[in-house]
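These protein sequence lines are chains S and L, in that order.
Start counting the first sequence at 5; every next residue gets the next number (our numbering).
Start counting the second sequence at 5; every next residue gets the next number (our numbering).
Where a beta carbon is used, it is the ideal one built from N, C-alpha and C, also for glycine.
These numbers come from a predicted model, not from an experiment.
There are 2 protein chains.
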Amino acid sequence: MTNKGKGSKSQRILDVAEELFALHGYDGVTMRQIAKGANVDVALANYHFGKKLDLFYAVFNRRAEVLSSWRREALLASREKAAGKPQTLEQIIEAFLLPLKVAQESGDPGWRNYLALLAYVMTSPIWNKILMPEVFDKRVGEFVEALKSALPNARDDDIHWCYQYVSGALALTLAQTGRIDRLSDGTCLSSDFDAAYDHMIPFVAAGFRAVCGD
Amino acid sequence: MTNKGKGSKSQRILDVAEELFALHGYDGVTMRQIAKGANVDVALANYHFGKKLDLFYAVFNRRAEVLSSWRREALLASREKAAGKPQTLEQIIEAFLLPLKVAQESGDPGWRNYLALLAYVMTSPIWNKILMPEVFDKRVGEFVEALKSALPNARDDDIHWCYQYVSGALALTLAQTGRIDRLSDGTCLSSDFDAAYDHMIPFVAAGFRAVCGD
DNA sequence: CACTATATTCAACGAGCGTTGAATTTGCAA
DNA sequence: TTGCAAATTCAACGCTCGTTGAATATAGTG
Chain S
5 MTNKGKGSKS QRILDVAEEL FALHGYDGVT MRQIAKGANV DVALANYHFG KKLDLFYAVF
65 NRRAEVLSSW RREALLASRE KAAGKPQTLE QIIEAFLLPL KVAQESGDPG WRNYLALLAY
125 VMTSPIWNKI LMPEVFDKRV GEFVEALKSA LPNARDDDIH WCYQYVSGAL ALTLAQTGRI
185 DRLSDGTCLS SDFDAAYDHM IPFVAAGFRA VCGD
Chain L
5 MTNKGKGSKS QRILDVAEEL FALHGYDGVT MRQIAKGANV DVALANYHFG KKLDLFYAVF
65 NRRAEVLSSW RREALLASRE KAAGKPQTLE QIIEAFLLPL KVAQESGDPG WRNYLALLAY
125 VMTSPIWNKI LMPEVFDKRV GEFVEALKSA LPNARDDDIH WCYQYVSGAL ALTLAQTGRI
185 DRLSDGTCLS SDFDAAYDHM IPFVAAGFRA VCGD
């Protein structure tokens, strides 16, 4: 066989693990649940990915590099489009958010699950320290640099606080808790990422200007 | 004995459970860990609080009503202070955040743990649906009404999206992940709630105006 | 003091956990 | 077709989990 492609059993294990980890967290999921969801014996997950912790890492890393490189490309493309002139705040933020929007709307439910998993990792005091530095923190550095160019008089700490707010707003959106559906009586939908991102860009741009502007 | 006051064994169980649940989540904590942390037999936690799930609810509810009433009072006090005139956006947001700041800086480490637990519940797709409606969602309704008064031309959905961003920014701050310390090379500290709230108020006020303003 | 209710511990249960070594199946190469 | 390595399942291990019933300690009451 040697089939590790799309739809293979090892991929199905990753997909199911991704969905369950995103919903219940690392400790809320058992190897047997994952195996059952993938229609596979428990031992197979161990055979392919080692221990439960390694499986968790495998799930997280599978799409981390992909997403991170999309972000890098989006930021580069945005810089090119500005053609030498400094990018506007809105352009920078848009470039930062675009890959997430694309992933969400790719049609692949795996991406939606992954972004919910990312929100779980971002907000967890434990996993954050372990998983965020390796891949995502570097991209944030580039983003912060771009922001500094657009806000030349900003203090470093002001920018970082504002970045934390963006990060939090984003995480809660990716988490898909369904709370906005409830609070707005169905006027807003957690699943409506177009609306989420369209509102987020002017919101955080104005926030940055208010805190870091001249 | 009949001592259920501060420092009693049942209170110690709640305190330890609060800290561990906030750090590791519901499934990441065992009854035996809690008992050990409280220097108490496992069976005692069951005797006082019933099943593990009931203990979790007891931990969450212990401070939920307190915090929620503080919020109500802060909003009322802010409205009174405005003396008939419509409150400014900043005043409304300040009233919304003030109780959390007070709790954080109360010196009681239990409150810091509880707010991290609140962040965990807010961002969890599972617990959010179960625990947020009962106490906190109602207070949000009052907050949204106040915002509508300050932003008379705002659309309902705009306000709710903006509220979600505030909620996310707040949750990530309460979660105390330590990420801002890392990203800013120590310039900003997760534990510095004064800075967190002082930056957050102008940030979200400007965001609201940009999205919901005239 | 004796009585009683509450608080706390002790000891153990059955179930489910992650993990593993051996057996079996599968797919490809010779 | 035979041989071999990868993939998959089977069966079981030792352990820890949440929970419980009985035993013990503690504190207030008469």
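Item	Value
Start and end residues, alpha helix (DSSP H) containing S:ALA87	Careful: S:ALA87 lies outside any alpha helix (DSSP H) and carries neither H nor E.
Which of helix, strand or coil DSSP assigns to S:ARG3	This structure does not reach residue 3 of chain S, given that chain S is present from 5 up to 218, and the question cannot be answered.
Classification of L:PRO206 by the beta-carbon crowding that lies within 10 angstroms, buried from 16 upward	buried
S:ALA107, DSSP secondary structure in three states	helix
Residues in the stretch 123-140 of chain S having any Cβ partner in chain L nearer than 8 Å	ALA123, TYR124, MET126, THR127, SER128, PRO129, ILE130, ASN132, LYS133, MET136, PRO137
Element boundaries [alpha helix (DSSP H), containing L:VAL44]	L:VAL44 -> no alpha helix (DSSP H), and no H or E assigned at all.
From S:LEU24, S:GLY190, S:GLY172, residue whose alpha carbon lies closest to that of S:LEU101	S:GLY172
Inter-stretch contact at 8 Å, needing at least 3 Cβ pairs: the stretch 65-76 of chain L / the stretch 131-150 of chain L	yes
Where S:ILE45 falls, given that 16 or more other Cβ within 10 Å makes a residue buried	Note on identity: in this sequence residue 45 of chain S is Asp, with Ile being the wrong assignment. S:ASP45 is exposed by the Cβ-count criterion.
Alpha helix (DSSP H) runs contained entirely in the stretch 179-216 of chain S, provided each spans 4 or more residues	183-187, 197-216
Within chain L, the residues that S:TYR169 reaches when beta carbons sit closer than 7 Å	ALA173, MET204, PHE207
CB contact below 8 Å: S:GLY114 versus chain L	no
C-beta neighbour in chain L for S:ARG183, strict 8 Å	yes
Residue range of the unbroken alpha helix (DSSP H) whose run includes L:ARG116	113-127
Burial state of L:ASN157 (16 or more Cβ within 10 Å)	exposed
For L:VAL33, three-class secondary structure by DSSP	coil
The ligand FAD heavy atom lying under 7 Å from the CB of S:ILE97	In terms of ligand content, the structure shown is empty, and the ligand FAD therefore cannot be addressed.
Short Cβ contact (8 Å threshold) for S:ILE184 with S:ALA150	no
Chain S contacts from the stretch 58-82 of chain L (Cβ-Cβ distance under 8 Å)	none
Assigned secondary structure, S:ASN65 (DSSP; H/G/I helix, E/B strand, else coil)	helix
Residue range of the unbroken alpha helix (DSSP H) whose run includes S:LEU27	13-28
Where L:LEU155 sits in the DSSP three-state scheme	coil
Residue from S:PHE64, S:ALA209, S:TYR169 whose Cα sits closest to the Cα of S:ALA120	S:PHE64
Three-state class that DSSP yields for L:LYS8 in the structure shown	coil
CB contact flag (L:ALA99, S:THR127, <8 Å)	no
Any C-beta of chain S under 8 Å from that of L:GLY41	no
Amino acids of chain L, ordered along the chain, whose beta-carbon sits closer than 8 Å to that of S:ASP162	HIS203
Among S:PHE25, S:GLN91, S:GLN108, S:GLY145, the one whose alpha carbon lies nearest that of S:SER194	S:GLN108
Chain-ordered chain L contacts of S:THR92 [CB-CB under 9 Å]	Simply none; closest approach about 14 Å.
Other residues of its chain near S:ALA209: CB distance less than 7 Å, five sequence neighbours each side excluded	LEU93, GLU94, ILE97
Inter-residue CB distance, L:PRO129 and S:THR181 (contact presumed, cutoff 8 Å)	5 Å
S:LYS55, DSSP secondary structure in three states	coil
L:ASP218 in three-state terms, based on DSSP	coil
Between the CA atoms of L:LEU187 and L:MET5 - distance to the nearest angstrom	Reliability fails at L:MET5, whose pLDDT of 46 lies under 50, so the model's placement of it is uncertain and the value that follows must be treated cautiously. Roughly 51 Å separates the two Cα atoms.
Within-8 Å CB hit, S:SER14 to chain L	no
Under 7 Å from the C-beta of S:GLN180: neighbouring residues of chain L	PRO129
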